[in-house]
Structures are given as structure tokens and as C-alpha cells.
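Residue numbers (the numbering used here), protein chains in the order written: chain A, 65 to 413; chain B, 13 to 346.
Shown next, in the form of C-alpha cells:
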């Protein structure tokens with residue numbers, strides 16, 4: 065009896081090992097033939113993750129994307145360890161040329177200012193770029209400052225101190241925000257500038273959108289900037305903005321797309337255009353974008369795999385993008401990307 | 013089951029008997045191998061440290077070339093836009109937040125250790141000691157979230173009181189002025205103090221318990237109070253171990269990353285007030301490493317890491333010197 069059970073145990077063990085071996089072998093086989101590797105921006109990660117799950121179920125092609133940050137993504141694509149890199153800040157055309165890289169936008173997004181003012185409802189307050197710049201430069205220190213009051217004649221603004229909240233970690237959100245302020249305020253451009261991290265003139269830094277949101281929620285009189293998805297959560301009061309056309313707008317995916325639609329992408333070299341402060345009546349002024357980077361001298365098959373994936377995303381991933389607060393690129397932008405691929409790489413899909 | 017039952021090879025279980033081995037007995041040189049293994053382990057640890065330092069120094073070469081040592085140390089401009097980097101605010105932030113933590117944690121740890129070793133009745137010793145050691149098992153990110161979501165809101169209610177009373181004192185009042193936000197250097201120091209408390213107190217308790225009962229009992233026999241025994245007998249006897257424990261806590265405070273990042277406020281600007289936001293070397297690394305896109309920026313961050321190693325080394329050397337000096341004074345006094 066005991067011998068029998070021992071035998072059974074051994075045979076089961078063998079079967080288990082065999083099964084494990086087969087599974088390992090299969091997954092290994094798959095990972096060598098049908099995987100695209102990418103690395104970079106944490107901001108675009110939800111979008112790539114969503115697209116790649118659907119793409120894999122349709123085509124069997126796996127996308128292994130590691131959200132290690134834009135800096136890491138750029139380093140990895142330069143080193144050629146990944147098939148594509150993702151960055152929240154576009155590389156300058158000269159840098160791209162020097163490193164033998166190309167870049168193209170993926171999706172549009174936006175961000176807005178949030179505030180904590182008891183008695184003032186979401187969307188009630190109106191701010192303009194120059195006013196926000198002065199707040200972040202610590203020139204406007206109280207909520208009842210004449211500059212804010214002028215934009216909001218119907219609101220009774222309290223005389224509380226403004227506590228400025230910004231991101232502490234390097235982030236594409238910060239880059240987009242600072243780029244906008246640089247465009248609307250010469251003083252900001254001169255003193256601070258735009259980057260993923262800044263030498264902030266004032267304020268406290270929260271880690272991530274979540275950190276900024278929780279500071280703003282807690283500190284009365286505070287103001288911060290967060291991605292659109294955090295506005296939609298509904299626990300923060302958000303501001304309306306005056307856009308480049310002088311119109312008062314609320315943040316929306318449509319507003320982000322309008323910003324992209326007002327860019328002449330075919331003229332912009334290497335898509336080096338930042339979507340902030342563009343023309344258009346409905347354009348949201350603090351719109352942003354995220355870029356994918358490819359290596360020119362990568363094997364044609366590798367680049368084509370990446371291009372196919374994003375092309376699929378542009379075409380079939382629009383609803384998925386919208387469901388997580390990313391705006392799909394307008395058709396004109398997608399067309400410009402396709403002709404850019406052909407020009408730069410010498411081949412198309 | 014034939015003759016040579018004495019031939020037992022080390023490593024094989026009692027079930028497997030080797031009938032063939034009958035002649036010379038071959039033993040696995042366990043002692044020799046173990047000796048080699050310890051040498052290897054010790055060497056590996058040292059080699060890993062040296063290799064890390066060399067790699068970090070090598071990767072910071074771009075920044076070293078651009079800013080040198082002195083300029084990097086004393087410049088307080090950290091501006092990724094203009095690519096100018098100076099470490100001064102972060103070095104100050106690291107030292108100040110750790111100093112606050114030590115000022116708060118060392119006396120409390122001493123109290124905890126004396127309580128457990130000298131005062132507490134047996135049945136309460138274990139739960140108290142266990143609870144305090146459990147503090148060490150909490151991941152630092154949890155401390156960070158707790159600090160941000162639980163402690164900071166409460167502390168922001170206390171801060172107006174602090175700036176009203178302590179801020180009014182001439183001189184040190186400067187340290188306690190600012191908006192009551194609940195986060196900043198002082199909050200970071202307090203959270204750090206809670207984090208390093210178990211390390212310091214458990215070492216103190218262990219060495220306090222190890223003090224020979226004869227010493228303690230003779231002091232009590234001469235009419236000494238518990239305080240006098242703890243301060244004049246137990247502490248001097250265990251001084252070097254206590255200092256060791258204190259510096260272990262300090263080392264941890266200097267290098268703490270996540271918890272500090274959450275509650276320090278992350279401002280690169282230097283401020284005199286402890287209620288204002290600041291930054292430490294580890295918090296800047298945690299914040300900016302992922303999006304450091306230019307070689308000089310990345311290299312400057314790694315350079316900061318090199319400085320942190322240097323700061324820790326200086327602190328350790330000071331600790332050793334302090335222990336030696338105390339030992340020598342003891343020698344001359346008796």
C-alpha cells in the first residue's frame with residue numbers, strides 16, 4: 065500500500081514537473097517571438113497597459129512596458145535595450161538627430177488647477193495664465209488679490225493666504241504646467257522656465273498627483289495642479305481658465321483635442337510642439353501630450369511591430385483612451401505621424 | 013551491513029550506507045570550507061561596498077567635472093532648467109531632520125530602556141518591548157502615508173500654537189515661524205524619531221539588562237534611587253554600546269527616503285524655520301531620479317548619493333572617535 069502511494073506521488077511529481085516545463089517553454093517561446101518591449105513615462109503607462117491588453121488578445125503580440133520614468137525611457141532607447149521609449153517631454157530635434165532617434169505623439173491629455181476655498185464650488189473660480197504664474201511666483205499672496213477679483217467679479221473671495229502646492233517628483237505634468245506659464249508670463253520664463261522638475265520659487269511639494277491632491281484637500285487656501293483624471297474624481301474644486309482666445313473654458317477631452325487640432329503637425333519638426341496655450345475658442349490652455357521614441361537603426365521588423373501597435377491604438381483604442389481620461393489624437397495628427405514614419409525610416413506599415 | 017560501519021561520510025544521511033568505502037577514511041574538510049566561506053563572505057561584503065562607491069563616484073564624474081567639490085557643496089541653487097546643481101540645501105536638510113529625530117528619539121529610547129530593564133514588573137516587560145520592536149517592522153512607506161494622512165492634519169492644528177509661543181522667543185523663535193501646513197522639516201524629524209526609536213531602545217535595553225546585578229545591587233544597597241542607578245551606574249557601564257545604538261539610529265535617519273519624502277514638503281529652498289518645507293538628499297533622489305533626462309542632471313543626482321555616503325562615513329568616524337575619547341577619559345579618571 066505504502067509503496068503504491070509512493071509511486072503515485074512520484075508519478076504526480078513527474079507530471080507536475082513536465083507540465084511546468086511545458087508551460088515555461090511555451091511562455092518562453094512566445095516571449096522571444098511576439099513581444100515588444102518599451103520603457104519610460106509613468107504618465108502614459110495606464111494607456112499603454114490598456115491598449116496592450118486588448119492588442120494582445122487580438123493579435124497575440126505582447127507588449128512589455130516598464131514605467132520607469134521618462135529619463136529611464138530615453139536612456140533605454142538610446143542604449144537600444146527596448147524597442148520604444150516614452151517621454152513626457154519631447155526631445156529637441158537636434159538631440160534626436162545626434163542620437164539617431166525619432167519621436168511621435170501618442171495621445172493628448174490635460175491638467176487643471178485645483179483649490180481649497182470653503183464656500184466656493186468646483187468650476188466657480190476663473191483664473192488666467194498670467195494670474196496663475198504670479199501666484200506660483202509668490203507675487204499674488206492672498207485670494208482676494210485685485211488680479212483674481214477682476215476675473216471673478218461675482219465671487220466673494222476670502223482674504224486667506226494662498227499656499228502653493230506643486231509636484232515634488234519629476235513629472236510630465238509639471239513640464240506641461242511650467243511650459244504653459246512660460247508662454248503666458250515672461251517673468252516665469254525668465255526666472256523659472258520649464259522642465260519636469262523645477263526650482264520652485266515657493267510652495268510645498270507633494271509626491272505624485274495623489275500627493276498634490278491630498279495637500280490641496282487638506283490645506284485651506286491652497287492651490288495645486290493635477291491631471292484631468294483627478295478632476296473627474298470629484299473630490300477637488302477645479303478652476304475654469306481663460307484660454308489664448310480670451311474665452312473662459314472648462315477642462316474636457318474635447319478641449320485637449322482642440323489644442324492638438326490647432327497645431328500644424330506637418331510643419332512641426334519631429335513633433336516638437338507642446339500643446340499649451342494654443343488658439344481656438346474651445347481649446348483648453350494647459351493641454352499636454354506624451355511622446356514615443358524609436359531608434360532609426362533598429363531592425364525594421366522591430367520598429368514595424370511598434371508602429372503597428374500604436375497605429376492600432378490610434379485607430380481602435382480611442383474609446384479605451386477616453387475611458388481613462390486620455391484624448392485620442394485627431395485624424396489629421398495620425399496622418400502626419402504616418403508620413404513622418406515614412407520620411408524618417410524609409411518604410412511604412 | 014558489512015564490517016566497515018565506521019566509515020560515515022559527512023553530508024550523507026544515516027539511511028545511505030556506503031559499503032564500498034572501507035580503506036582510508038575521507039572526510040569533507042568542513043572546518044576548512046567553513047573558514048573559507050566566512051572569509052569569502054566578509055570579503056564579498058567589503059567588495060560590494062567598495063564597488064558601489066567606485067561605481068557611484070564614476071557615474072558622478074560629469075557633475076564633478078562641471079561643479080567640482082566645493083561649489084557643489086556650498087551652492088544652494090538646484091535648478092534642473094538651467095542645469096545648475098548645488099547640494100547645500102539637501103545636506104542641511106538631511107542633517108537637520110536627523111538632528112531633530114535624534115533629539116526626540118534618544119531621551120525617549122533611554123526612558124523606554126530604563127523602564128523595561130529597571131522598573132517594569134516582569135509581566136509588562138514583554139508586551140512593551142514587543143510593541144516597541146514591532147515599530148521597526150513597519151515599512152517606511154507606511155510611516156510616510158501615516159505621516160501625511162494622519163499625523164500632518166493633527167500636527168497642523170498644533171502648529172499655530174507652536175509658532176505663537178515658541179515663535180515669540182527671540183533667537184530660537186525664528187525656527188518656529190511659518191504657515192501651519194502640518195508638513196515640513198519638523199514633521200519629518202518627528203516621523204523619523206518614531207522610526208528610529210525601536211533601534212535605539214532595543215539596543216539600550218539589551219545592554220542595560222546585561223549589566224552585572226552585583227553593580228546594580230550594591231548601588232541600591234548604598235541607598236541610590238532608580239534614577240541614580242540608571243544614570244550613574246548602568247549608563248556609564250554600557251556607554252560605548254549605547255553610543256553604538258544611537259549612531260545606528262542616526263545612520264538610519266540619515267538614509268531614510270520614503271517616509272521623509274512624504275512629509276518634508278520637498279522644497280529646494282533653504283529656510284530657517286523648521287515649520288517650512290525642506291528636502292533631504294534621499295528625498296531629492298526619490299523625487300527626481302525617474303525624470304532626470306540629461307546626463308548632467310542624472311550625474312548630479314548620483315553625486316548627491318556619493319555625498320550621502322560621505323556624510324554617513326563622517327558621522328560614523330565621529331562616533332568611533334567619541335567612543336574612544338570617552339574610553340580614554342574613563343581610563344584617566346580612575
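Just so you know, even glycine gets a beta-carbon here, dropped at the ideal spot from N, CA and C.
Please confirm whether residue i and residue j have their CB atoms less than 9 Å apart.
i                      : j                      : result
residue 231 of chain A : residue 271 of chain A : yes
residue 303 of chain B : residue 152 of chain A : yes
residue 197 of chain B : residue 287 of chain B : yes
residue 205 of chain B : residue 276 of chain B : no
residue 127 of chain A : residue 112 of chain A : yes
residue 223 of chain B : residue 249 of chain B : yes
residue 327 of chain B : residue 263 of chain B : yes
residue 308 of chain A : residue 343 of chain A : yes
residue 312 of chain A : residue 178 of chain A : no
residue 391 of chain A : residue 324 of chain A : yes
residue 289 of chain B : residue 137 of chain A : no
residue 118 of chain B : residue 251 of chain B : no
residue 282 of chain A : residue 164 of chain B : yes
residue 144 of chain B : residue 214 of chain B : yes
Is there a C-beta anywhere in chain A that falls below 9 Å from the one on residue i?
i                      : result
residue 333 of chain B : no
residue 92 of chain B  : yes
residue 25 of chain B  : Unreliable positioning characterises residue 25 of chain B in this predicted model, as indicated by a pLDDT of 45, which lies under 50. A coordinate reading is not provided.
residue 294 of chain B : no
residue 188 of chain B : no
residue 182 of chain B : no
residue 148 of chain B : no
residue 195 of chain B : yes
residue 191 of chain B : yes
residue 315 of chain B : no
residue 309 of chain B : yes
residue 105 of chain B : no
residue 267 of chain B : no
residue 277 of chain B : yes
residue 274 of chain B : yes
residue 89 of chain B  : yes
Contact defined as beta carbons within less than 8 Å: I believe residue i pairs with residue j. What is the distance between those atoms, to the nearest angstrom?
i                      : j                      : result
residue 383 of chain A : residue 170 of chain A : Not confirmed; about 16 Å, so no contact.
residue 354 of chain A : residue 322 of chain A : Wrong, their Cβ atoms sit about 18 Å apart, outside the cutoff.
residue 247 of chain A : residue 341 of chain A : 4 Å
residue 270 of chain B : residue 156 of chain B : 5 Å
residue 175 of chain A : residue 289 of chain A : 5 Å
residue 120 of chain B : residue 209 of chain B : 6 Å
residue 179 of chain B : residue 188 of chain B : 4 Å
By the 10 Å Cβ neighbour count, where 16 or more other Cβ atoms means buried, how is residue i classified, buried or exposed?
i                      : result
residue 291 of chain A : buried
residue 114 of chain B : buried
residue 404 of chain A : buried
residue 305 of chain A : buried
residue 184 of chain B : exposed
residue 103 of chain A : buried
residue 228 of chain B : buried
residue 110 of chain B : buried
residue 315 of chain B : buried
residue 386 of chain A : exposed
residue 243 of chain A : buried
residue 329 of chain A : buried
residue 135 of chain B : exposed
residue 413 of chain A : exposed
residue 123 of chain A : exposed
residue 294 of chain A : buried
If you draw a straight line from the alpha carbon of residue i to that of residue j, how long is it in whole angstroms?
i                      : j                      : result
residue 260 of chain A : residue 364 of chain A : 32 Å
residue 225 of chain B : residue 128 of chain B : 15 Å
residue 182 of chain A : residue 144 of chain A : 52 Å
residue 101 of chain B : residue 88 of chain B  : 6 Å
residue 39 of chain B  : residue 330 of chain B : 48 Å
residue 116 of chain A : residue 373 of chain A : 8 Å
residue 345 of chain A : residue 378 of chain A : 25 Å
residue 225 of chain A : residue 213 of chain A : 14 Å
residue 340 of chain B : residue 287 of chain A : 58 Å
residue 406 of chain A : residue 273 of chain A : 37 Å
residue 310 of chain B : residue 72 of chain B  : 8 Å
residue 42 of chain B  : residue 211 of chain B : 36 Å
residue 108 of chain A : residue 150 of chain A : 8 Å
residue 148 of chain B : residue 256 of chain B : 17 Å
Using a Cβ-Cβ distance cut-off of 9 Å, determine whether residue i contacts chain B.
i                      : result
residue 91 of chain A  : Low local confidence applies: a pLDDT of 44 at residue 91 of chain A is under 50, so the model's placement there is unreliable, with the coordinate-based value given in what follows. Chain B contact via Cβ: absent.
residue 270 of chain A : yes
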